[in-house]
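Participant: In my numbering, the protein residues as written are 11 to 424. We put the beta carbon where it would ideally sit given N, CA and C, even for glycine.
Structural data, given as structure tokens:
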């Protein structure tokens, strides 16, 4: 696959602005379509849960303003999973005990693995919000659940592919990641995508083993010295959250952005720029699940973006806002089209429908219910001319379906 005009910058999918719901559902006067939202609203993961809650509430507000589900208002019933599988199961049992049949849950894998086995007995349908773990659509696959998230082979294999095409001159890459087993999927996928595209072009590339950093560490200077000493002109960073911010602040004293020709961050995107302002690296790539400016012809994306700015006063929303909005949209659209809350009717409807969302056309692979939407990458960095101290310089998009791992529903991917 070669990059072309369709892949770079914005996609050309037409936005609908409001969801049209001409299905056959007939709700009694005043009866609401209830959707249970289970997410992390306390503990270390609450930042992501708050984003998910905001995006979901924006979706409900938009859809209700457009008439709801054939005249029935949507009611979002929110529960905190308390950042634990036990908390997620408790919330799920409470909501199903109250008769709720529609669920959105995210984003931590362990909590989803706690509720997935319960879906059949409860006769419910679920969209998993922002989840990326391979297990969710492979060994732990449940036919009543859909993953509206990006797997590591998909987004980071695509990432490596993109860098190989944009920077064919770089023949050696260094990598840095937290010493967490789950993050090895990310570095492996990036390396595989980089090598596959480079070899296809008849070139060779060397990808060094990742330099490992203790999770939650405070001092990254030794690791920074190691990657600078590697002689690689390309660097891929897979530190997460607060670790990533500390790393970039310490790397400034090493003039890291002068030591490498290309700096790539896995997925921290604007959290880095917001934390560092005018001290942001000069140029930094990142994957993101949603960046409104990359979807210039998408009216839904525009509306969600404006709603978030109105809600939080933040021009650069986290990508979970778009993903959670589209998760609620997926459920509402399916209920309208199927005219039912029954999983037996909703599942095939979600498998075949492709509603327009903030991320673009919402499409799931039928075999394993993996999301097959577009991939978005952004390059941003220090900009003295901008009052924020930084700007976005470039965006690129790739068709995610081309990078999805093979489907093995019910079996581990080998």
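Check each candidate in 397, 354, 392 and name the one with the smallest Cα separation from residue 135.
Facilitator: The residue labelled residue 135 in the question sits at position 125 within the chain shown. Of the candidates 397, 354, 392, the one whose C-alpha sits nearest the C-alpha of residue 135 is 354.
Participant: List the DSSP bridge partners of residue 329.
Facilitator: For this step, residue 329 is matched to residue 319 along the chain shown. Paired residues: none, contrary to the question.
Participant: Quick check: the stretch 139-147 against the stretch 318-334, are there 3 or more CB pairs under 8 Å?
Facilitator: Judged by Cβ distances under 8 Å, the stretch 139-147 makes contact with the stretch 318-334, as three or more pairs qualify.
Participant: Near residue 32, which residues of its chain fall below 6 Å by C-beta distance, leaving aside the five closest residues on each side in sequence?
Facilitator: As a working mapping, residue 32 is identified with position 22 in the chain shown. Because the pLDDT of residue 32 is 38, which lies under 50, any placement of that residue in the model is unreliable, and the question is left without a value.
Participant: Taking only the alpha-carbon atoms, compute the straight-line gap between residue 313 and residue 122 and give it to the nearest angstrom.
Facilitator: Locating residue 313 in the chain shown gives position 303, counting from the first residue. Locating residue 122 in the chain shown gives position 112, counting from the first residue. Cα to Cα, the separation comes out at about 29 Å.
Participant: Per DSSP, which one or two residues make a beta bridge with residue 260?
Facilitator: Your numbering for residue 260 matches position 250 in the chain shown. DSSP lists no partner for residue 260.
Participant: Name the two residues that bound the continuous alpha helix (DSSP H) containing residue 231.
Facilitator: Reading the chain shown from its first residue, position 221 is the one you call residue 231. First-last of the alpha helix (DSSP H) with residue 231: 231-238.
Participant: Does residue 384 come out as helix, strand or coil in the three-state DSSP assignment?
Facilitator: Counted from its first residue, the chain shown places residue 384 at position 374. Residue 384 falls in the strand class under three-state DSSP.
Participant: Between which two residues does the alpha helix (DSSP H) containing residue 190 stretch?
Facilitator: Stepping through the chain shown from its first residue, residue 190 is reached at position 180. Premise fails: residue 190 is in no alpha helix (DSSP H) and is neither H nor E.
Participant: Could you give the first and the last residue of the continuous beta strand (DSSP E) run that contains residue 403?
Facilitator: As a working note, residue 403 is residue 393 in the chain shown. 400-409 is the span of the beta strand (DSSP E), which, as asked, contains residue 403.
Participant: Hey, which unbroken runs of the beta strand (DSSP E) at 3 residues or more fall wholly within the stretch 252-304?
Facilitator: 272-275, 294-298
Participant: Count the other CB atoms, across all protein chains shown, that sit within 10 Å of the CB of residue 209; report buried if there are 16 or more and exposed otherwise.
Facilitator: In the chain shown, residue 209 corresponds to position 199, counting from 1. Label assigned to residue 209: exposed.
Participant: What is the DSSP secondary structure of residue 308, counted as helix, strand or coil?
Facilitator: Here residue 308 refers to the residue found at position 298 of the chain shown. Correct three-state label for residue 308: coil.
Participant: Taking three-plus beta-carbon pairs below 8 Å as touching, is the stretch 170-189 in contact with the stretch 246-256?
Facilitator: When Cβ pairs closer than 8 Å are counted between the two stretches, the stretch 170-189 is seen to touch the stretch 246-256, the count reaching three or more.
Participant: Count the CB pairs spanning the stretch 309-323 and the stretch 70-86 that are closer than 8 Å, and state whether there are at least three.
Facilitator: yes
Participant: Using DSSP with H/G/I as helix, E/B as strand and the rest coil, what is residue 366?
Facilitator: By 1-based counting over the chain shown, the position of residue 366 is 356. DSSP places residue 366 in strand when its eight states are reduced to three.
Participant: Between which residues of its own chain and residue 220 is the CB-CB distance below 6 Å, once the five residues before and five after are set aside?
Facilitator: As a working mapping, residue 220 is identified with position 210 in the chain shown. Answer for residue 220: 185, 187, 197, listed in chain order.
Participant: Please specify which runs of the alpha helix (DSSP H), each continuous and at least 4 residues long, are wholly inside the stretch 115-144, giving them in chain order.
Facilitator: 119-125, 129-132
Participant: Distance, Cα to Cα, residue 62 vs residue 113?
Facilitator: Translated into the one-based positions of the chain shown, residue 62 becomes position 52. Translated into the one-based positions of the chain shown, residue 113 becomes position 103. When rounded, the distance between both Cα atoms is 13 Å.
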